[in-house]
Every structure is written in C-alpha cells, then in structure tokens.
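Student: The structure's right below; bear with me while I get my questions together.
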Amino acid sequence: MSVVHEERVLNDPASLSEATAGDFVTLLKPRVMSLVIFTAFVGQMLAPGALHPFLAFVATLSIAVGAGAAGALNMWYDADIDAVMSRTSKRPVPQGRVTPNEALAFGLVLSAFSVMTLGLMANWLAAALLAFTIFFYAVIYTMWLKRSTPQNIVIGGAAGALPPVVGWAATSGVVSVESLVLFLIIFLWTPPHFWALALFKSGDYERAGVPMMPNVAGEASTKKQIFAYSILVAISGVLPTVLGFASLFYGAAAAALGIGFVWYAWRVLTVDDPKMKPAKALFGFSVLYLFAIFAALLVEAIAGRLGA
Ligand code: HEM
Ligand SMILES: CC(C)=CCC/C(C)=C/CC/C(C)=C/COP(=O)(O)OP(=O)(O)O
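If you're matching positions, the sequence shown starts at -6 in our numbering and goes up one per residue.
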C-alpha cells in the first residue's frame, strides 16, 4: 500500500477509504466459499431432525458469513505474499484499496456476528464448531502451516472439510459418524484439488516463498501423491452408501464420479505437458466432482425428507 494512501487514511479521519462495496465482497472469497457453503447446507439437510425453515435459513447464512469472514482474515494476513503472486496480486489489500486494518476489522466483526447468530438461532455446538473452523483456517492454516510445511493444505484441509459438520450440528445438535464421513470426503479431496493448481502455479509460490508440495517435493512426487489421494477420494465418495445413509443410486453416481476423478489424476501422472493441461483439467474437474457429490447427497436428503 502506498505510504501516501496509508498516511491519508490513517491520519485524516475525515478521509474515507477508497474501498468499494465490491472490494469488501471480494474479501469474502465468494466464488470459492459458494461451494463451501453448499456443502454446509447439504450437511444441514442430511442431518436428522428439523429446524424451522427460517432458522435453517439463518443458520446457512451464519455459516456463509463465517466462511466469508475467514476469507477476509486470510486476505488480511496474506497481503504480503498475495502482492507477489500473479493469481492474487489484484486483490483489494495488496492493491491498497482496502487497508489491512479494514480487512482485519471486517473479518473479526463478521466472525463474531456469524458465531453469535448461529449459537442463538441454532445451537452452541454448531457455533463452537464454526468458531473453530474460522480459527483453524485463519490462524492454524493461514498464519502458521501455509508458510511452514508442504503438508500445509493437507492439515489445513480440515478447515475446508468442517462446514458440512457445522451444518449437520446446526440441525441435529450432534457430530455424527455420517457427518464425519462428509468431512472425510472433502478432507481427502483437498490435496488433489489444490496440488493440481499448485503444479501450474508453482512459479507464484516460489516467488512468494510459500512451501507448497510441488516447490518442496517436486513435480513427480506431487503427481504421485495426487494420484494416491484420488484413489482415496473415489473410495470415500461411496462410503455414504456403504454405511447405509445413502442409496445405491447415490453409490453408483459417486462411483462413476470417483472413476472420473482417478482418470483425471492418472493423466496428470502419466501425461507430460509443458502447458500443464492435465493439471488444469483435474483442478476444474475437482470442483465439479465435489459439487456433484454433494448435489447427489442433497437429492438423497430431499428424498429422505419427502419419504419421511
Ligand atoms: C486448504 C484447503 C484449500 C486450498 C488450499 C484451496 C485452494 C484453492 C485456490 C488457491 C483456488 C484458486 C482461487 C483463486 O485463484 O482465487 C481454489 C479455487 C476453488 N476452490 Fe479451493 N482450496 C481449498 C479448499 C476448498 C474447499 C474446501 C472448497 C469447497 C468445499 C473449495 C472450493 C473451491 C472452488 C469452488 C474454487 C474455484 C473458484 C473459482 O472458480 O474462482 N476449495 N482453491
Ligand atoms: C465456515 C468456514 C470458516 C469455512 C472455511 C472453509 C475453508 C477453510 C475453505 C478453504 C478455502 C480456500 C480457498 C483456501 C485456500 O486458502 P489460500 O490462502 O491457500 O488461497 P489463496 O492463495 O487463494 O488466498
């Protein structure tokens, strides 16, 4: 951020920040968090018990605000490395449109608001899980793991896998084996999802000094690990049917999606393409895969509620 900008904003209370509403929306990482919130909503719908529709809506909204808050805290802390990575350099804080203090305050206020609202409108177990998820992403992953170990996104992936557990707890008041299976699906999905991107963004992470797997272990090792995780993803995807809380139809869809996931990962492993097309294809398919798995689980949830 330019010194002039900081002095003007910080020393002259009359001066307004240059930030627009759109800048603050960008801080919430809406594109990424939209799928995160969808997984939480499916967790809410699959869980036994029923929240009044208005309370269920407020619970989903609280989780959405909490996810956005975590995104804002991530962008506050990562402004230094975001500024040197091509993919993130245009973000509001590195561009100086939002000051670090504004991003921090925005993230903290939304975090508090979302946790308190979820606690009051649903239950305090869900609120505590939401608070833990925000903390895990903003502090454990962003402030510690991301800059210190190539296992950063494997461990940090727990934060991204918790939203369906939060949603399940909002409806049912408990953490169940089933909700932990939803956690496992996303937890195992995260490494191939992100390492595919890291393969074709390794130059960015090199410049930023962030120890992502391709930069530390190299391309070949990362590709092997992606393939190994893809097999675990395919297996975890059919667990809801194996454990009896989803139908054979879901199981067939999950198996087909899992075979697709393994195939895309196999191409990353076996096709040597300087343009990294297989890695880009796997990254794109990974988003489609997770959406399709949770959409199929939502169909199960709706069918279960209609049949109930
Ligand atoms: C630690 C875990 C994760 C890491 C490190 C990670 C990393 C990333 C990165 C770097 C991007 C590119 C975003 C951009 O350039 O702005 C991305 C995109 C995306 N991620 Fe992940 N991700 C993680 C977990 C998740 C989870 C849990 C979900 C959903 C449940 C998710 C959904 C998405 C979606 C939908 C996109 C595409 C956004 C777009 O099209 O712009 N990610 N991820
Ligand atoms: C309810 C709640 C709190 C949900 C949070 C879910 C969660 C942790 C999602 C992970 C999203 C994500 C893109 C992580 C990457 O961060 P990064 O810093 O590696 O990505 P970047 O470089 O694009 O900023």
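Even glycine gets a Cβ: it sits at the ideal position worked out from N, Cα and C.
Keep in mind it's a predicted model, so treat the numbers as computed, not measured.
#1: Taking just the CA atoms, how far does A288 sit from L32?
#2: Could you check if W256 is buried or exposed, using at least 16 other CB atoms within 10 Å of its CB as the buried criterion?
#3: Classify W69: buried if its beta carbon has 16 or more other beta carbons within 10 angstroms, exposed otherwise.
#4: Got a sec: does ligand 2 put a non-hydrogen atom nearer than 7 Å to the Cβ of V108?
#5: Just to confirm the assignment: which complete alpha helix (DSSP H) runs, minimum length 4, are found wholly within the segment 232 to 284?
#6: At a Cβ threshold of 8 Å, is T135 touching chain B?
#7: Taking just the CA atoms, how far does M78 sit from F254?
#8: Give every residue of the same chain whose Cβ lies closer than 6 Å to the Cβ of T110, excluding the five residues on either side of it in the sequence, and list them in chain order.
#9: Can you tell me which of the three DSSP states T53 falls into?
#10: Beta carbon of G153: closer than 7 Å to some heavy atom of ligand 1?
#11: Alpha carbon to alpha carbon, how far is G36 from V168? Give it in angstroms, no decimals.
#12: Given this structure, state the Cα-to-Cα distance separating E11 from N94, to the nearest angstrom.
#13: Decide if S172 is buried, meaning its Cβ has at least 16 other Cβ atoms within 10 Å, or exposed.
#14: Buried or exposed for D265, going by 16 or more other Cβ atoms inside 10 Å?
Tutor: Result, derived from the coordinates:
#1: Position check: residue 32 holds Thr in this sequence, whereas Leu was assumed. Near 9 Å, if we compare the C-alpha coordinates of A288 and T32.
#2: exposed
#3: buried
#4: no
#5: 232 to 235, 241 to 263
#6: Given the protein chain composition of this structure (a single chain), no chain B is represented.
#7: 28 Å
#8: S55
#9: helix
#10: yes
#11: 11 Å
#12: 13 Å
#13: buried
#14: exposed
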